[in-house]
Structure formats: C-alpha cells, structure tokens
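K.L.:
This is the structure, below, for whatever I ask next.
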Ligand code: SF4
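Residue numbers (this note's numbering): 25 to 406.
Structure below.
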C-alpha cells in the first residue's frame, strides 16, 4: 500500500493560492479516495492492512461515479483529488473512474504501488486521462532496506523504473518516505536517492501507529525537532519542495526560522510551507474509504458518515466529527494553549492514536507553548 500523501507543497501538500480558513470549513482542498484496499505489497506500516484480494463491499463502479459527481458539489473550484489505495490498479474499472474524474474537472493525482502492474503504458494512460502527478514511496535507500519494509523483493528496482518512466511521460512525481526509528538514520541517503529522480516533491510521513504501523516505533519528540530543522536546511538547497505529512509542527520550525532570518510574513505565506498553514486532518483534508466511509484523514479512523447513505458535502461541512476537529478552541493539552494552534494545530490523527481523543495534544511535538515568547501566530486566517 502506498502511503496516502498529498501531491503538493507543504503539510500534506498544497499548491497555488492559499484559501482562508473559512473556506476549509466549506470545502476540502485535498480529497483522498481509497478506491480499493487490494494491494500486492505487504508494507510493514500499511494503514489499510491491505490484502491481495479486493473487498466485495468496496464501492462499485456506479457508486464510485456517483461519489465523484457529488464531490463536485463543493463549489466552483474542484478540490484536488488523490486516487489511492491499496493499489488503485487492482480495480479493473480504475481507468473508467479516472476518465470520469477528469471529465468532471478535478485536478488529479494517483498513488499507485510499485509493482509490475505500473508499466510505461499505464503511466501514459494516466497522462492521457489528465493525471497531473503520481506518488511513489521509498522507505529505504537500498533494495535491502526498502524491500524489507515493503515485504516484496524487487520493489525497490521497480519503483526506480516507475519513477523514471513517469517523468518520461511528463507526469510530476512525488516521493513519499516514512520517518520511524528504523528509517531515521537512512534519511540522508534517501534524500540523495530522491535528488537523482527529477522529483517535484519529497514528502516525509511521520508514522502514525495505526494498521500495521502499530508494530513500528515512532521517533522521539527531540528527534522530530532535529529532523524538522534538518529538513528546513535541506529545503534551501533542494531543487524540489520538501513537505511533511502528519507532522504540521514542521510549520512552527520553518516559520520561526524564516522569521529569525528576517523573511517578511507576506513572503513566508507564499512559500510551500506557508501555503499549507491551517490545513490539517479534517480542516482542508477529507478521506473516503474503499467502502464509502468518510474520515477527517486516512490515519484518523473516526467515521463521520458514509457516502452510501449521506451527502458527502454535508458530512464534511456539518458532521459533528468534522466540526469539532476544525475548532481549535476545543483542542486540549499543549496544542490547546499553543500560539501556533491555528497555523499548525498538531496531528489530530496522532492525538487519536495515542490518547483516543482527536482533540488532544500531538505527542510527537516537543514544543512548550510560550517557549518562543510569541503571541498567537495566526497566519492561517488572513
Ligand atoms: S504544541 Fe501543538 S499546535 Fe503547538 S507547535 Fe506543537 S503540535 Fe503544533
């Protein structure tokens, strides 16, 4: 299963002009649809605990098409749609769904798995269907390390080939990498690998212990801080955007360092990090499972409703799950007191995984509110 990660800049990734926070309560900027949970890989951190066979209860072709039509109801500007899995290519009707998405005017990304099914011909068809970008994953800098994580020998080599083929077809490429105790030391080598692949973005996913990920160890808050500072340094020399997923505290680090360097706020807002301010699980992000359940994010298994029985637009705008999670005044612990709560807000998914409360503090962040001596930093709302 490929990690469910956005194809843009900043946390989860956001491109283009940043809408106000008010807009996020009306419409997501990124929608992830897990088209299937079927996948031929057996990744050690898989959120979906994917299996080789498709779930007979997954949304049918006509249900999928109806869902796509409903998703256009968020307003004139279509959200960016990420078709993910499992491996979306395990659905025989995947190109039918892709063509329908394209006709409806979505900006499209696909998150396929690095298997033999991802051929040059398939990548060409993606491009012809209007797909802008694909994401692939490297969780190790060598075949031994990566294949060990992905559970299938040969996956590393196939992923390198697919990355080159995607660029040859003119598809933008995002590489996702997992940050855990096991991968931490290898990150500089993964960065070198990614640097040679002509990518648009490198996105680092800070493990949430859900699904198979429960058997893997997260790095400590001190190490998170150190990785964030390292990423900020790299972002100055890298020829591609560097983003984090489920680690919005990277914004605090980047914002504080940019301010210390004298960069004006207006310029900061235009950076890849700045465009992501305020976006987090359930606030600008929505995830739809293979059976139509709607979550605030793929790593936050709190069901807000099901597209089979309720209007997906209404679920996002009105369900108690989404409304609560968007309300930073209800956040607890350090996130509730933090001057960065609007800009960052912590990973709601990690809070839920750690404490069973999506409004609790994010335990991966080591920041003590007030430490920097700042007032509320509310760049998300302006
Ligand atoms: S305490 Fe919470 S809101 Fe503040 S920087 Fe850390 S994760 Fe973000």
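From the three backbone atoms N, C-alpha and C, an ideal C-beta is built for every residue, glycine too.
What does a CB cutoff of less than 6 Å around residue 358 pick up in its chain, not counting 5 residues either side in sequence?
P.N.:
Sequence index remark: in the chain shown, residue 358 carries index 334 (1-based). Counting only Cβ-Cβ distances below 6 Å, and skipping sequence neighbours, we find 385 and 393.
K.L.:
Identify the continuous alpha helix (DSSP H) that holds residue 309 and give its terminal residues.
P.N.:
Position 285 of the chain shown, counted from the first residue, corresponds to residue 309. Premise fails: residue 309 lies in the beta strand (DSSP E), 309 to 312, not in any alpha helix (DSSP H).
K.L.:
Let's see if you can read the secondary structure: which residues bound the beta strand (DSSP E) around residue 225?
P.N.:
The residue given as residue 225 occupies position 201 in the chain shown. Per DSSP, residue 225 belongs to the beta strand (DSSP E) from 225 to 230.
K.L.:
Would you kindly check if the distance between the Cβ of residue 197 and the Cβ of residue 158 is under 8 Å?
P.N.:
Locating residue 158 in the chain shown gives position 134, counting from the first residue. Locating residue 197 in the chain shown gives position 173, counting from the first residue. For residue 158 and residue 197, yes; Cβs fall inside 8 Å.
K.L.:
Can you determine whether any heavy atom of the ligand SF4 sits closer than 7 Å to the C-beta of residue 270, and answer yes or no?
P.N.:
Looking up residue 270 in the chain shown gives position 246. Every heavy atom of the ligand SF4 is 7 Å or more from the Cβ of residue 270, so no.
K.L.:
Between residue 106 and residue 133, how many whole angstroms is the CB-CB distance? I'm expecting something under 8 Å.
P.N.:
Here residue 106 refers to the residue found at position 82 when the chain shown is read from its first residue. Here residue 133 refers to the residue found at position 109 when the chain shown is read from its first residue. Yes, residue 106 and residue 133 are in contact; Cβ-Cβ is about 5 Å, under 8 Å.
K.L.:
With DSSP run on the structure shown, which of helix, strand or coil describes residue 58?
P.N.:
Reading the chain shown from its first residue, position 34 is the one you call residue 58. It is a strand residue.
K.L.:
So, under 8 Å CB-CB, residue 315 and residue 77 are touching, yes? Tell me the CB distance rounded to an integer number of Å.
P.N.:
To locate residue 315, count along the chain shown from 1; it is residue 291. To locate residue 77, count along the chain shown from 1; it is residue 53. Not confirmed; about 15 Å, so no contact.
K.L.:
Using the three-state DSSP reduction, which class does residue 319 fall into: helix, strand or coil?
P.N.:
Locating residue 319 in the chain shown gives position 295, where the first residue counts as 1. Three-state result, residue 319: strand.
K.L.:
Throw me the rounded Cβ distance for the residue 375 and residue 382 pair, which I believe falls under 8 Å.
P.N.:
What you label residue 375 is simply residue 351 of the chain shown in a count that begins at 1. What you label residue 382 is simply residue 358 of the chain shown in a count that begins at 1. Going by Cβ atoms, the distance from residue 375 to residue 382 rounds to 6 Å, so yes, they are a contact pair.
K.L.:
Is the CB-CB distance between residue 61 and residue 79 below 8 Å?
P.N.:
Sequence index remark: in the chain shown, residue 61 carries index 37 (1-based). Sequence index remark: in the chain shown, residue 79 carries index 55 (1-based). Yes, the pair counts as a contact, with Cβ atoms nearer than the cut-off.
K.L.:
Per DSSP, residue 267 is paired with what?
P.N.:
One-based indexing of the chain shown puts residue 267 at position 243. Per DSSP, 227.
K.L.:
How is the beta strand (DSSP E) around residue 199 delimited, first residue to last?
P.N.:
The sequence position of residue 199 within the chain shown is 175, counting from 1. Start and end: 196 to 203.
K.L.:
Do residue 393 and the ligand SF4 come close, with the Cβ less than 7 Å from some heavy atom?
P.N.:
Position 369 of the chain shown holds residue 393. Indeed, a heavy atom of the ligand SF4 lies less than 7 Å from the Cβ.
K.L.:
Using C-beta distances below 8 Å, list every residue in its chain close to residue 409, excluding the 5 sequence neighbours before and after it, in chain order.
P.N.:
Nothing can be reported for residue 409, as the shown portion of the chain is limited to 25 through 406.
K.L.:
Return the CA-CA distance between residue 142 and residue 214, expressed in angstroms with no decimal places.
P.N.:
Position 118 of the chain shown, counted from the first residue, corresponds to residue 142. Position 190 of the chain shown, counted from the first residue, corresponds to residue 214. Computed Cα separation, rounded: 22 Å.
K.L.:
Name the DSSP bridge partner or partners of residue 108?
P.N.:
Within the chain shown, numbered from 1, the residue matching residue 108 stands at position 84. Paired residue(s): 58.
K.L.:
Could you say if the region 267 to 281 and the region 295 to 309 meet the contact criterion of at least three C-beta pairs nearer than 8 Å?
P.N.:
The region 267 to 281 is in contact with the region 295 to 309.
K.L.:
Which residue marks the beginning of the alpha helix (DSSP H) containing residue 327, and which one marks its end?
P.N.:
Here residue 327 is taken as the residue at index 303 of the chain shown, counted from 1. Note, residue 327: premise wrong, no alpha helix (DSSP H); not H, not E.
K.L.:
Starting from the N-terminal side, write out each stretch of the beta strand (DSSP E) that is 3 residues or longer and does not extend beyond the region 138 to 210.
P.N.:
For the region 138 to 210, whole beta strand (DSSP E) runs of length 3 or above, ordered along the chain, are 155 to 161 and 196 to 203.
K.L.:
Compute the distance between the beta-carbons of residue 262 and residue 221, then report whether it is under 8 Å.
P.N.:
Translated into the one-based positions of the chain shown, residue 262 becomes position 238. Translated into the one-based positions of the chain shown, residue 221 becomes position 197. No, the Cβ-Cβ distance between residue 262 and residue 221 is not below 8 Å.
K.L.:
From 322, 180 and 85, pick the residue whose C-alpha is nearest to that of residue 122; which is it?
P.N.:
Translated into positions along the chain shown, residue 122 becomes position 98. For residue 122, the nearest C-alpha among the options comes from 85.
K.L.:
State the DSSP-derived secondary structure class of residue 258, mapped to helix, strand or coil.
P.N.:
Within the chain shown, the letter at position 234 stands for residue 258. Residue 258: helix per DSSP, three-state reduction.
K.L.:
So, at 7 Å on beta carbons, what are the nonlocal neighbours of residue 177 in its own chain, with the 5 sequence-adjacent residues on each side left out?
P.N.:
Translated into positions along the chain shown, residue 177 becomes position 153. 171.
K.L.:
Using only alpha-carbon positions, find the residue among 254, 305 and 179 that is nearest to residue 322.
P.N.:
As a position in the chain shown, residue 322 is number 298, starting the count at 1. Of 254, 305 and 179, the residue nearest in Cα terms is 305.
K.L.:
Enumerate in chain order the residues of its own chain whose CB-to-CB distance from residue 326 is below 7 Å, with the five nearest sequence positions on each side excluded.
P.N.:
What you label residue 326 is simply residue 302 of the chain shown in a count that begins at 1. Closer than 7 Å at Cβ, skipping near neighbours: 319, 320, 345, 376 and 382.
K.L.:
For the beta strand (DSSP E) that residue 133 lies in, which residues bound it at each end?
P.N.:
Residue mapping note: residue 133 aligns to position 109 of the chain shown, counting from 1. Where residue 133 is concerned, the enclosing beta strand (DSSP E) stretches over 131 to 134.
K.L.:
In its own chain, which residues sit with a C-beta less than 6 Å from the C-beta of residue 34, not counting the 5 before and 5 after it?
P.N.:
Counting from one through the chain shown, the residue named residue 34 turns up at place 10. In this prediction, residue 34 scores a pLDDT of 43, lower than 50, which makes its location untrustworthy; no coordinate-derived value is stated.
K.L.:
Going by beta carbon distance, what residues of the same chain come within less than 6 Å of residue 218, once the five residues before and after it are set aside?
P.N.:
Here residue 218 refers to the residue found at position 194 of the chain shown. Excluding residues within five positions, the ones whose Cβ falls inside 6 Å are 199 and 226.
K.L.:
Is the CB-CB distance between residue 275 and residue 367 below 8 Å?
P.N.:
As a position in the chain shown, residue 275 is number 251, starting the count at 1. As a position in the chain shown, residue 367 is number 343, starting the count at 1. In this structure, residue 367 lies closer than 8 Å to residue 275 by Cβ.
K.L.:
By Cβ distance, which residues of its chain are closer than 8 Å to residue 216, with the 5 residues on each side in sequence left out?
P.N.:
Here residue 216 refers to the residue found at position 192 when the chain shown is read from its first residue. Excluding sequence neighbours, residue 216 sits near 165.
K.L.:
Just the Cα atoms here: how many angstroms apart are residue 56 and residue 250?
P.N.:
Here residue 56 is taken as the residue at index 32 of the chain shown, counted from 1. Here residue 250 is taken as the residue at index 226 of the chain shown, counted from 1. Looking at the two C-alpha atoms, the distance is approximately 30 Å.
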